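Peer 1: Here you go, one structure.
Protein chains: 2
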Amino acid sequence: MSRNDIHNSDVPILCRSCEVRHQGMCGALDQHHLLELSRYTQTVRYEAGAELIADDSEITSYANVMRGVVKLSKMLEDGRQQVVGLQFAPDFLGRLFGRQNTLEAEAASPVELCKIPKSALEKLVKAHPELEHRLMEQTLRELDEAREWMVTLGRKTASEKVATFLLLIATHIDPVANERQEERGERSMKFDLPLSRADIADFLGLTIETVSRQLTKLRKDGVIEIVNNRQVTVPDLGRLKVRCG
Amino acid sequence: MSRNDIHNSDVPILCRSCEVRHQGMCGALDQHHLLELSRYTQTVRYEAGAELIADDSEITSYANVMRGVVKLSKMLEDGRQQVVGLQFAPDFLGRLFGRQNTLEAEAASPVELCKIPKSALEKLVKAHPELEHRLMEQTLRELDEAREWMVTLGRKTASEKVATFLLLIATHIDPVANERQEERGERSMKFDLPLSRADIADFLGLTIETVSRQLTKLRKDGVIEIVNNRQVTVPDLGRLKVRCG
DNA sequence: CGCTTCCTTGAGTGACATCAAGCGTGGTGG
DNA sequence: CCACCACGCTTGATGTCACTCAAGGAAGCG
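Protein sequence lines correspond, in order, to chains A and B. With the UniProt record's numbering applied, the first sequence covers 1 to 245. With the UniProt record's numbering applied, the second sequence covers 1 to 245.
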């Protein structure tokens, strides 16, 4: 799955095979500016469960997700939690131009980030409008997704919510493999759930028990197969879509 | 409440007292570019209930909300509806850089828009990065609000949802009067609900009946007074906030 | 082997939906 | 002017879906 450029001798080594450069914000930069950028960036690995951003903390850096899944969530004072977004590679992480974080970010799976100090990125953004444009496009996509999810949260039944979640993961977890599969007309799919039942419940505005029951129901109805707690097979994506309401 | 500039002889007449120029996207433009912009813009009035944007329609123009409240909503095939956002002056209306609309926009109250053709604005955005920056700031604010609302939809009870909605309206309907009131230490507020019970229900993911019952409950508990179906008084915003969960 | 963590399953409850009147206001026409 | 209806809202009775509480199974780990 590595992508090779013919002329990339001046591209920083780390950037050469990076998805962010091909689909994410770094695609706005040429070799010269990539080099400039790479003087400030730092790639960091986190294990699943690690806190990447603490709620109410001061924003000191931004990041690009290079690998893994990041869970964004908000909490009410009494502990009720709502997952408000999932970030996949090559998504951008952080509230651009903000001072304080208004949500918590946690590694849902093992994660690799390409971090950059707040001030460095903001200077770069000022200097390269094309970079801000890329980030704008991503922000707009996130807004679209958030609104789509509001429909799921507000108006769908528990069973539709779970089906919608599975479809979301199926279509986001591995975009490349996914496209290839569609080209070949394959409708079957197998994937790892990046979230625990508790996280799924917090994403869907349900309880663990309800999520579990609905998954069992989908299994009994032959819509999915549950290999183990984290692995799911969908024999026919079409049959899953029908269940999304 | 009119704001006067000392030197605005070259500012297009329509722009002179416009909130958009002071707080919204047009603040990014100087007199010269405002003049350029105003060659393409057109202000249009709509009455409450008018459809401003149809779902799945092609995007041909953008707009700024100059007066009134706009309701953004999405529908499932079977007719279930979810309101996914409310736009107040001087908000921007339209999915920048999109081709198709993915939601419906309706005038919740009498509305005045300042419309501009899609291509004209996009050219202007390309030429003036500062304009895109303003729109970026607004998009990020909308994303923050959408995520805040996801918590309400997913994790709050019916009564907390209604209280949260009232607080949202109280703090957005008339920002200027609102600030003045806070300065004076007044905690009481009276305002018009821009939405019908049905719209409120669609915003909160509830039914009309539940919204009505919760409003009655807030009234009986002395948190609000219901002047008539559309007018509400909140004697103490603090007491309302406590109810938001 | 026992412990912990995560998940499933069951029984009972409760919050909100549904179904069904009834009320108030504003508009229309006789 | 009032009868009539339409519309939006409220209120009550009943139903149901998802939550709560409780127990037990499966997998990972010391």
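For glycine and all other residues, C-beta sits at the position ideal for the given N, C-alpha and C. These figures come from a predicted structure and were not determined experimentally.
Distance cutoff 7 Å, beta carbons only. Does B:R155 sit that close to anything in chain A?
Peer 2: By this cut-off, B:R155 is an interface position.
Peer 1: Write down every uninterrupted run of the beta strand (DSSP E) in the UniProt domain "Cyclic nucleotide-binding" (25-142) of chain A whose length is 3 residues or greater and which is fully enclosed by it, in chain order.
Peer 2: Within the UniProt domain "Cyclic nucleotide-binding" (25-142) of chain A, the complete beta strand (DSSP E) runs of at least 3 residues are 42-46, 51-53, 61-67, 69-75, 81-88, 104-107 and 111-117.
Peer 1: Which first and last residues belong to the alpha helix (DSSP H) in which A:T207 is found?
Peer 2: Premise fails: A:T207 is in no alpha helix (DSSP H) and is neither H nor E.
Peer 1: Excluding the five sequence neighbours on either side, which residues of its own chain have a C-beta within less than 6 Å of the C-beta of B:L72, listed in chain order?
Peer 2: Here the set comprises V84, G85, L103 and A105.
Peer 1: Flag A:P90 as yes if its beta-carbon sits less than 7 Å from any beta-carbon of chain B, otherwise no.
Peer 2: It does not: the Cβ of A:P90 has no partner Cβ on chain B nearer than 7 Å.
Peer 1: Does residue 263 of chain A pass the burial test, meaning 16 or more other C-beta atoms within 10 Å, or should it be called exposed?
Peer 2: Absent from the structure is residue 263 of chain A, since the part of chain A shown begins at 1 and ends at 245.
Peer 1: Whole angstroms is fine: what's the gap from B:H33's alpha carbon to A:E112's?
Peer 2: For B:H33 and A:E112, the distance between alpha carbons rounds to 44 Å.
Peer 1: List, in order along the chain, the chain A residues whose C-beta lies closer than 7 Å to that of B:D144?
Peer 2: Going along chain A in sequence order, the residues near B:D144 (Cβ under 7 Å) are T102.
Peer 1: Once you ignore the five residues that flank A:E77 on each side, which residues in its own chain have a CB closer than 8 Å to its CB?
Peer 2: Nothing listed; no residue qualifies.
Peer 1: Tell me the rounded alpha-carbon separation between A:Q138 and B:L121.
Peer 2: Computed Cα separation, rounded: 19 Å.
Peer 1: Could you confirm whether any beta carbon from chain A is found closer than 7 Å to the beta carbon of B:Q82?
Peer 2: Interface residue, yes.
Peer 1: Does A:D5 come within less than 7 Å of chain B when only Cβ atoms are used?
Peer 2: Note that A:D5 scores 48 on pLDDT, short of 50, meaning its location in the model is unreliable and no value can be drawn from it.
Peer 1: According to DSSP, is B:T157 helix, strand or coil?
Peer 2: It is coil, neither helix nor strand.
Peer 1: Could you spell out the range, first to last residue, of the beta strand (DSSP E) harbouring B:V223?
Peer 2: Neither: B:V223 is in no beta strand (DSSP E) and is coded neither H nor E.
Peer 1: Is any beta-carbon of chain B found at less than 7 Å from that of A:P235?
Peer 2: Not one chain B Cβ lies under 7 Å of A:P235.
Peer 1: Nearest-angstrom Cα distance between B:P129 and B:I59?
Peer 2: Spanning the two alpha carbons is a distance of roughly 22 Å.
Peer 1: Quick one: is B:T152 buried, meaning 16 or more other Cβ sit within 10 Å of its Cβ, or exposed?
Peer 2: When all chains shown are included, B:T152 counts as buried.
Peer 1: Can you say whether A:E19 is buried or exposed, counting buried as having 16 or more other CB atoms within 10 angstroms of its CB?
Peer 2: Its Cβ being crowded by 16 or more others within 10 Å, A:E19 is buried.
Peer 1: B:M150 touches chain A at which residues, Cβ-Cβ below 7 Å?
Peer 2: Within 7 Å Cβ-Cβ: Q82, V84, A146, W149, M150 and L153.
Peer 1: Specify, as a first and last residue, the run of the alpha helix (DSSP H) that B:V234 falls within.
Peer 2: It is not in any alpha helix (DSSP H) - B:V234 instead sits in the beta strand (DSSP E) that spans Q231 to V234.
Peer 1: Count Cβ pairs between the segment 143-150 of chain B and the segment 34-48 of chain B that sit closer than 8 Å; are there 3 or more?
Peer 2: Contact fails: fewer than three Cβ-Cβ distances are below 8 Å.
Peer 1: Measuring CB to CB, does B:V211 end up less than 7 Å from B:I224?
Peer 2: Contact: no.
Peer 1: Taking 7 Å as the CB-CB cut-off, is A:G79 touching chain B?
Peer 2: No - not a single Cβ of chain B is within 7 Å of the one on A:G79.
Peer 1: Assign A:K220 to one of two classes, buried (16 or more other C-beta atoms within 10 Å of its C-beta) or exposed (fewer than that).
Peer 2: Classification for A:K220: exposed.
Peer 1: Assign B:V11 to one of two classes, buried (16 or more other C-beta atoms within 10 Å of its C-beta) or exposed (fewer than that).
Peer 2: Its Cβ being crowded by 16 or more others within 10 Å, B:V11 is buried.
Peer 1: Since I believe A:L218 is in contact with A:V162 (beta carbons under 8 Å), could you give me their beta-carbon distance rounded to a whole number of angstroms?
Peer 2: Sure, about 7 Å apart at Cβ, within 8 Å.
Peer 1: Should B:Q100 go down as buried or exposed, given a rule of 16 or more other Cβ atoms within 10 Å for buried?
Peer 2: Exposed, because fewer than 16 other Cβ atoms sit within 10 Å of the Cβ of B:Q100.
Peer 1: Is the beta carbon of A:A89 sitting closer than 7 Å to the one on A:V65?
Peer 2: Yes.
Peer 1: How big is the Cα-Cα spacing for A:V70 and A:L168?
Peer 2: For A:V70 and A:L168, the distance between alpha carbons rounds to 14 Å.
Peer 1: If A:L215 sits next to A:F203, beta carbons under 8 Å apart, how far is it from one beta carbon to the other, in whole angstroms?
Peer 2: Actually they do not touch by this definition, with Cβ atoms about 14 Å apart.
Peer 1: Please list the partners that A:H133 has in chain B, where partner means a Cβ-to-Cβ separation under 8 Å.
Peer 2: Those are E132, listed as they occur along chain B.
Peer 1: From the beta carbon of A:T139, is the nearest beta carbon of chain B less than 7 Å away?
Peer 2: With 7 Å as the cut-off, A:T139 counts as an interface residue toward chain B.
Peer 1: Leaving out five residues on either side along the sequence, give the residues of the same chain with a beta carbon under 6 Å from the beta carbon of A:L109.
Peer 2: It should be noted that the sequence gives Ser, not Leu, for residue 109 of chain A. Around A:S109: A48, G68, V69 and P194.
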